[in-house]
Every structure is written in structure tokens, then in C-alpha cells.
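So the sequences go chain by chain: A and B. Heads up: the first sequence begins at 239 in our numbering, then just goes up one per residue. Heads up: the second sequence begins at 96 in our numbering, then just goes up one per residue. Don't be surprised by glycine CBs; every beta carbon is placed ideally from N, CA and C. No experiment lies behind these values; they were computed from the predicted model shown. Here the structure comes first, spelled out in C-alpha cells, and everything after it is commentary.
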Amino acid sequence: MIYMIEDTINGILMGSIYGLTALGLTIIFGVLKVINFAHGSLLMVGMYAAYWAVALTGLHPYLTLVLVVPVMFVFGYYLQDIVIQPIFRAEKNVREPITVIIVTTGVWYILDNLTLLVFGPHYRTIQVNPLRGRMLEIGGLMISVPKLWGFVSAMVAAAAVYVFLQRTRMGRAIRATSLDRDAASLMGINPYKVYNVAFGIGTATAGIAAVTLVPFYNVFPTVGVLFDIKGFIIVVLGGLGSIGGAILGGIIIGLIESVGPQFMTATWTEAIVYGLFLLVLFVKPAGLFGVKYDW
Amino acid sequence: MKTDQPIARRMFRFFTAAVLVLMTAMPIHAEETVVRIGNIIPLSGPSASVGQQGKNAREMAVAEINAAGGIQSLDGARLEMIYADSESKPERGVAEAERLINTEKVHVLTGCWNSAVTYPTTAVAERYGIPFIVPVSVADKITEQGFKTVFRIAAKDSWWARDQFTFLKDMEVEFDTPVKRLAFVYENGDWGKGMAGQWKTLAEKGGYEVVLDEPYPSTATDLSPVVQKIRRARPDVLMLVSNAADAILLTNTLAAYKVKPKAIITSGGGHADPSFLEAAGENARYLFDIVEWETDINKPGAKEANERYKAAYGQNLTGEAVDAYLAMYVLADALERAGALDPAAIRDALAATRYESGKGMIVGYEAVEFDSTGQNKHAALMMVQINNAKSDLERITVWPKNARRKGYTPVFPMP
Numbered sequence: 239m240i241y242m243i244e245d246t247i248n249g250i251l252m253g254s255i256y257g258l259t260a261l262g263l264t265i266i267f268g269v270l271k272v273i274n275f276a277h278g279s280l281l282m283v284g285m286y287a288a289y290w291a292v293a294l295t296g297l298h299p300y301l302t303l304v305l306v307v308p309v310m311f312v313f314g315y316y317l318q319d320i321v322i323q324p325i326f327r328a329e330k331n332v333r334e335p336i337t338v339i340i341v342t343t344g345v346w347y348i349l350d351n352l353t354l355l356v357f358g359p360h361y362r363t364i365q366v367n368p369l370r371g372r373m374l375e376i377g378g379l380m381i382s383v384p385k386l387w388g389f390v391s392a393m394v395a396a397a398a399v400y401v402f403l404q405r406t407r408m409g410r411a412i413r414a415t416s417l418d419r420d421a422a423s424l425m426g427i428n429p430y431k432v433y434n435v436a437f438g439i440g441t442a443t444a445g446i447a448a449v450t451l452v453p454f455y456n457v458f459p460t461v462g463v464l465f466d467i468k469g470f471i472i473v474v475l476g477g478l479g480s481i482g483g484a485i486l487g488g489i490i491i492g493l494i495e496s497v498g499p500q501f502m503t504a505t506w507t508e509a510i511v512y513g514l515f516l517l518v519l520f521v522k523p524a525g526l527f528g529v530k531y532d533w
Numbered sequence: 096m097k098t099d100q101p102i103a104r105r106m107f108r109f110f111t112a113a114v115l116v117l118m119t120a121m122p123i124h125a126e127e128t129v130v131r132i133g134n135i136i137p138l139s140g141p142s143a144s145v146g147q148q149g150k151n152a153r154e155m156a157v158a159e160i161n162a163a164g165g166i167q168s169l170d171g172a173r174l175e176m177i178y179a180d181s182e183s184k185p186e187r188g189v190a191e192a193e194r195l196i197n198t199e200k201v202h203v204l205t206g207c208w209n210s211a212v213t214y215p216t217t218a219v220a221e222r223y224g225i226p227f228i229v230p231v232s233v234a235d236k237i238t239e240q241g242f243k244t245v246f247r248i249a250a251k252d253s254w255w256a257r258d259q260f261t262f263l264k265d266m267e268v269e270f271d272t273p274v275k276r277l278a279f280v281y282e283n284g285d286w287g288k289g290m291a292g293q294w295k296t297l298a299e300k301g302g303y304e305v306v307l308d309e310p311y312p313s314t315a316t317d318l319s320p321v322v323q324k325i326r327r328a329r330p331d332v333l334m335l336v337s338n339a340a341d342a343i344l345l346t347n348t349l350a351a352y353k354v355k356p357k358a359i360i361t362s363g364g365g366h367a368d369p370s371f372l373e374a375a376g377e378n379a380r381y382l383f384d385i386v387e388w389e390t391d392i393n394k395p396g397a398k399e400a401n402e403r404y405k406a407a408y409g410q411n412l413t414g415e416a417v418d419a420y421l422a423m424y425v426l427a428d429a430l431e432r433a434g435a436l437d438p439a440a441i442r443d444a445l446a447a448t449r450y451e452s453g454k455g456m457i458v459g460y461e462a463v464e465f466d467s468t469g470q471n472k473h474a475a476l477m478m479v480q481i482n483n484a485k486s487d488l489e490r491i492t493v494w495p496k497n498a499r500r501k502g503y504t505p506v507f508p509m510p
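What follows is the structure, given as C-alpha cells:
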């Protein structure tokens with residue numbers, strides 16, 4: 239029984255971090271209607287930023303949020319503004335422009351290979367940090383402290399993004415653009431500006447996810463790919479464009495991965511995750527928590 | 096000046112003439128006996144770096160042998176190396192073997208590192224009766240074709256698992272710590288599953304109890320569920336097969352969950368990756384890893400050989416390089432006893448090899464002696480322990496015992 243509780247807690251904690259890594263993907267899709275294949279690479283960039291910030295200053299990993307989040311926002315903002323926007327303008331009559339997906343794939347390859355070139359293929363972890371390997375022990379129960387921090391960050395980040403979209407003027411503009419780009423621009427909203435901001439926010443959340451991962455995970459040039467695949471499954475599971483769905487989708491995956499191995503080998507849980515993914519696509523293509531309209 | 100030819104052209108003519116004269120003079124000098132050794136190794140393509148290591152080591156050994164007077168029984172015959180690039184492709188290996196035998200008239204062949212290349216290429220040598228020395232290609236089947244001309248120096252694939260178990264048994268005896276419960280955790284690819292299959296047979300034979308048999312995907316982003324299973328199975332010894340990222344994640348997660356079996360035995364791969372020690376740090380302490388060769392090996396001549404190699408090529412010797420280096424000495428030893436360049440005589444001399452001491456013997460095991468299949472029956476792997484002998488964590492040779500680093504006592508069981 240205690241094993242069950244332990245695994246469920248680990249599943250929820252790790253799952254919420256998966257949800258956080260997928261949050262940016264779902265935000266960007268919700269607004270731009272484009273699957274951002276470079277999302278894992280953005281996460282990787284964030285992880286390198288956080289890694290170097292901690293390695294060079296020796297600060298508490300979570301203090302690097304102050305640095306990583308603005309840097310990632312600006313990075314995402316201008317990535318969209320300079321690299322992706324011209325394609326959007328060229329394809330402005332298409333609701334879901336395919337070429338943009340290809341551009342994001344290009345960005346993914348360029349970022350991964352640039353990192354490989356600059357930092358080499360080494361695996362890095364932060365050696366000295368107050369969270370590394372820390373465990374909360376309650377009776378026989380072991381809970382990973384860095385994952386607990388990750389869980390809290392995921393909840394706060396998701397709530398903050400939600401409130402921002404609901405309550406602020408920019409948030410309303412983002413939602414309007416996401417509902418109907420043409421109508422929004424008739425109301426005086428510059429959709430390209432909105433895209434920049436949405437991409438910036440998506441990238442910044444990838445930055446938050448990166449900070450939560452760095453205390454207990456390795457940093458290497460292709461780290462994004464591992465989380466990318468999971469991210470796609472999560473957003474489809476939770477419903478593309480749904481913020482709550484991303485977090486819940488992440489937790490579902492986390493639970494399968496964590497509780498499943500007690501009944502089977504760890505290899506099988508992967509099969510179950512993909513099986514569930516296909517099942518959801520068949521039965522409820524909008525995702526478990528997807529909405530018929532986008533926001 | 097116009098009528099005068101430029102000095103460069105005149106020089107060119109002179110040298111061309113000189114070279115031509117020298118070339119015609121060559122056959123006279125070539126009457127001294129030369130042993131022609133054909134080497135088919137990957138010098139381009141995906142395995143080029145390891146092929147180059149093999150080439151460097153061969154060059155070093157041959158230079159030493161020639162400098163020491165060549166093969167005495169053949170009137171000081173020199174060894175002459177002819178290289179062919181396999182590009183890691185089986186069909187290239189086969190074609191190059193044909194060319195080396197028919198056109199270059201080699202007396203002996205060596206190669207090819209890639210098991211997939213060695214396997215069909217040895218068949219060509221067998222057909223022509225040319226002895227084929229395989230310094231290292233691990234696939235078991237290479238020496239299981241019933242060939243008479245194939246001689247493998249290095250241990251074969253299935254001996255890695257065998258040596259891990261032999262090591263464990265030796266440790267149990269040396270430190271008087273019986274081990275009963277084993278846990279097998281491995282990446283779910285061909286490599287991991289293959290190793291685990293052999294472990295299961297060996298565990299059964301050794302009378303161990305397997306308390307956990309768990310494959311996991313190498314791409315896993317969270318290994319704490321696997322670590323939880325290990326913790327709950329309470330094994331005495333944990334045996335791992337991991338790639339790079341998962342080796343680090345697993346080691347760090349095991350430490351976080353305070354899983355402390357008596358020993359953790361790993362299988363190279365991710366645990367031998369240069370960034371593993373750096374990324375796992377203190378959590379990797381006391382781990383035992385299997386390896387072909389390590390620079391700190393306590394064998395006469397090993398340190399000096401490594402220094403010569405490093406001075407010449409700027410790198411430390413590797414397992415592959417050492418096998419190639421030893422192969423050349425084994426060949427020289429056989430040629431010495433054969434006293435002839437006839438391939439059959441060389442083959443018979445190789446088959447009767449018992450090479451125990453000499454400059455090439457810088458490996459962990461005791462001798463080179465081929466069984467009826469042509470496999471070096473003494474070949475074995477080595478075990479290292481990660482610990483700090485001086486200041487930083489490093490890989491310290493602990494097994495076989497006679498190759499153990501001087502002054503180091505392995506830590507078993509883990510404190």
C-alpha cells in the first residue's frame with residue numbers, strides 16, 4: 239500500500255513537470271495553430287541557460303528563473319518575429335500553415351546542432367546544488383524534493399498563464415486572435431504582435447520547465463527530443479490549446495509511467511502511453527479536456 | 096635567359112631520372128625477405144577513429160619489431176604493412192581481402208574490427224589458406240565457423256557476461272562476503288537483452304537468486320519507478336547495462352533513493368562514457384565496470400607502451416589499440432617459430448602459439464594460446480572500480496587480481 243502511495247505521488251510530481259514542458263507547446267498551438275517542432279529545442283536552450291547560470295554563479299537553481307524566464311521570453315519573441323513571421327505573412331490566407339511547421343523543424347535542427355557544436359556531446363549535471371538528490375522522508379515514504387519544487391512551479395506557471403490570458407488586455411487580444419485571426423485584426427489587433435507575444439510566453443514556460451529539470455536531470459544537446467515526444471502526446475491527450483489539459487495530460491502520463499512498472503516491466507508502460515495516445519485520437523480527437531472552440 | 100630552361104624544370108628532370116634509376120634498382124634490394132601483412136580496417140566511415148587507433152598501434156609494434164632486428168629465423172626479415180580501408184562495409188572487406196591476397200601477395204591478414212566485416216572476410220582467407228589474425232571483433236560466430244586459419248586475440252562477446260560473474264565469485268571469496276540475490280536492470284535494446292539473457296543462464300548455473308529482471312527504455316525521462324523496483328527487491332548485487340543518458344540518470348536516482356546493494360556491476364557503454372564520471376560524480380563511487388583494458392593496468396611494459404603511444408599519437412592506448420599491438424607481437428612470435436613464409440607454416444606456428452611474456456603482453460590476462468577454433472582461450476576482460484586513489488574519482492583496475500593497481504584494495508561490499 240505504501241508502495242502505491244509512493245508511486246502515485248511520484249507520478250503526479252513527475253507528470254506535472256511533463257505537463258509544464260508541454261505547456262508552451264499548447265499555448266503556441268492555441269494561438270498560432272502551428273505545432274512547434276522546435277519546442278524541445280527551446281527547452282534544451284533553457285536547460286543550458288539554467289545549467290550555466292547555476293554552474294557559474296552557484297546560486298540556488300530556482301533563483302535562475304529571474305534570468306532564464308526573461309531571456310527565454312525575448313528569445314522566443316524574436317525567434318517568431320524574425321524567423322517564423324515572414325512565412326506566416328507569405329501564407330496569410332491559410333488557417334493552419336504547414337510551411338511554418340517545416341520552419342520550426344529547421345529551427346529544431348539548427349538549435350540542436352549549434353549546441354552540439356558549441357558545447358559538445360557531453361552530458362552535464364549540476365554537481366553542487368541544494369536540491370540535488372534531496373529526499374523528503376515521511377515514515378517509509380520517499381518523495382523527491384526537486385520534483386516537489388517542479389510540481390509547485392508547474393501549478394503556479396499554469397495558473398499564471400491562465401490568469402494572464404483571462405484578465406489582461408494582452409491576454410484578451412491573444413484569445414481573440416486565437417478564436418478568429420481576421421476578426422481580431424478588424425478590431426485593431428495586430429496578429430503578428432500577438433504571435434510574437436504568444437511565442438515568447440510559450441518559450442518562457444519552456445524556460446521554467448528547464449529550470450525545474452536542471453536540478454535532477456542531465457543536460458545534453460538532444461535532451462529536447464525526449465521531452466518533445468512526450469509533449470506531443472500530452473497536448474493531444476489533454477486537448478491542443480488547453481492549459482489545464484496539458485497539466486492533466488502530463489499527470490496521466492506520469493501516473494502510467496510511475497505506477498505501471500509495479501505491475502509490468504518499465505518497457506511496457508511506454509507501449510501503454512502510446513496506446514492511450516492512439517485511443518484518444520480515435521475516440522476523442524479533440525483530446526480529453528479539449529474544447530470545441532479555442533479558448 | 097630565354098633559351099635557358101628554368102632551374103626548377105632542370106631540377107625536376109634530374110630528380111625524375113634519379114627516381115627512375117632508383118626504381119629499377121629496387122628489385123635488387125627487395126631480395127631481403129619481407130613479411131607482407133595485409134590489414135583490413137575501417138579507415139573511413141563511422142568506425143574510422145577506432146580503425147585509426149588500430150593502425151597506430153600496429154605501426155608502433157611493427158616499428159619496434161623491425162628496429163629490434165625483424166624476424167631472426169628469416170634472416171632478419173622486416174614486417175611490411177599494407178593497409179586496406181574497409182569503410183566498415185562487409186563487401187569492401189571481402190573485395191580488399193581478395194585484392195590483398197591475389198595482387199599484393201600478402202602472407203598474413205589481420206582485421207577488421209567490425210564483426211560484420213570480419214565474418215565474411217575471414218571466409219576469403221580460409222579459401223586461400225592465408226592465416227587471418229583477428230585482434231578484436233567480438234561476435235562469437237567468427238571463431239565458430241570451423242575455419243582453420245582464423246585466430247582471435249580478444250575475448251568474444253559472450254565472455255563479457257562470463258567475466259562479470261567470475262569477477263563476482265572472486266570478490267565473494269576474496270572478501271568473504273557471500274552474495275545470493277541478484278537484480279538485472281538493462282536497456283531494452285539488442286545489447287541489454289543479449290547480456291541479460293546470458294546473465295540469467297550464468298545466475299542459474301552459479302546458484303544465485305534473480306530477484307529482479309527489468310528492461311527499461313533508454314529514452315526514459317524518469318527512472319525513479321525502476322529505481323523503486325530495485326529498492327523494493329533488495330538485491331545483494333545490481334547488474335546494469337545502460338547507454339549514456341540513462342546511466343547517469345540511473346546512478347543519480349539510485350543515490351537519491353539511497354539504494355545501497357553490496358555492489359553494482361556495470362557493462363561498459365554508458366558507464367564508460369567520458370562524461371559519466373563528471374555527471375554522476377560522487378554517486379558513481381564504488382561502481383564496478385567491465386572493460387577491455389585500462390591505462391593503469393599493473394603489467395610490466397604497459398605504462399611504457401602507453402607513454403610511447405601517447406608521445407607518437409597524442410592519445411592513451413585503448414582496448415582496441417592494445418589488441419592490435421599484441422596481435423603484431425603474436426604474429427612475430429609465430430613467424431620466428433615458423434621460419435618460413437609459406438602460409439601453411441605460419442598457420443601451424445600460430446596454432447601452436449603460447450605467448451606469455453614479451454613486449455606485447457600488456458593485457459590483463461596471462462597468455463595467448465589458441466584453442467581448436469582459433470580463439471585465444473586465455474583472453475579475458477578486466478574490471479575497474481570507480482574510486483579516488485589520489486584526489487579525483489577515477490577508474491582503477493581491480494580484476495584480474497594480478498593486473499590490479501599496486502596498493503589498491505577494492506571496496507566490497509559497498510559501505
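Supposed contact pair residue j and residue i - C-beta distance, whole angstroms, cut 8 Å
i, j, result
"residue 460/B", "residue 484/B", "Their Cβ separation, rounded to whole angstroms, is 23 Å, which puts residue 460/B and residue 484/B out of contact at 8 Å."
"residue 465/A", "residue 316/B", "6 Å"
"residue 311/A", "residue 442/A", "4 Å"
"residue 337/B", "residue 376/B", "That belief does not hold up - the Cβ atoms of residue 337/B and residue 376/B are roughly 17 Å apart, past 8 Å."
"residue 362/B", "residue 385/B", "6 Å"
Contact check, residue i vs residue j, beta carbons under 8 Å
i, j, result
"residue 257/A", "residue 485/A", "yes"
"residue 254/A", "residue 489/A", "yes"
"residue 454/B", "residue 424/B", "yes"
"residue 352/A", "residue 446/A", "no"
"residue 449/A", "residue 525/A", "no"
"residue 430/B", "residue 166/B", "yes"
"residue 457/B", "residue 419/B", "no"
"residue 275/A", "residue 346/A", "yes"
"residue 363/A", "residue 311/B", "no"
"residue 210/B", "residue 183/B", "no"
"residue 428/A", "residue 318/A", "no"
Cβ-based burial, residue i [other Cβ within 10 Å; buried from 16]
i, result
"residue 331/B", "buried"
"residue 452/A", "buried"
"residue 341/B", "buried"
"residue 267/B", "buried"
"residue 197/B", "exposed"
"residue 122/B", "Only weak support exists for where residue 122/B lies, its pLDDT of 48 falling under 50; the value from the coordinates is given anyway. Exposed, by the Cβ-count rule."
"residue 419/A", "buried"
"residue 260/B", "buried"
"residue 324/B", "buried"
"residue 528/A", "buried"
DSSP bridge partner residues for residue i (one or two, in chain order)
i, result
"residue 482/B", "489/B"
"residue 382/A", "373/A"
"residue 176/B", "132/B"
"residue 334/B", "279/B, 360/B"
"residue 457/A", "362/A"
"residue 515/A", "Per DSSP, none; premise fails for residue 515/A."
"residue 95/B", "The shown model of chain B, from 96 to 510, leaves out residue 95/B, and the question about it has no answer."
"residue 259/A", "According to DSSP, residue 259/A bridges with nothing at all."
"residue 310/B", "281/B"
"residue 206/B", "135/B"
"residue 326/B", "Residue 326/B pairs with nothing; no bridge assigned."
"residue 470/B", "247/B"
Selected residue, minimal CA-CA separation from residue i, among the options
i, options, result
"residue 227/B", "276/B, 475/B, 479/B, 470/B", "470/B"
"residue 391/B", "172/B, 132/B, 480/B", "480/B"
"residue 237/B", "208/B, 260/B, 259/B, 367/B", "208/B"
"residue 243/A", "410/A, 497/A, 478/A", "497/A"
"residue 260/A", "510/A, 511/A, 471/A, 527/A", "471/A"
"residue 477/A", "404/A, 271/A, 401/A, 246/A", "271/A"
"residue 246/B", "253/B, 270/B, 214/B, 272/B", "214/B"
"residue 242/B", "312/B, 388/B, 188/B, 467/B", "467/B"
"residue 491/B", "311/B, 381/B, 349/B, 465/B", "381/B"
"residue 509/B", "248/B, 305/B, 383/B", "383/B"
Cβ of residue i within 8 Å of any chain D Cβ
i, result
"residue 361/B", "Here chain D cannot be found, since the structure's protein chains are A and B."
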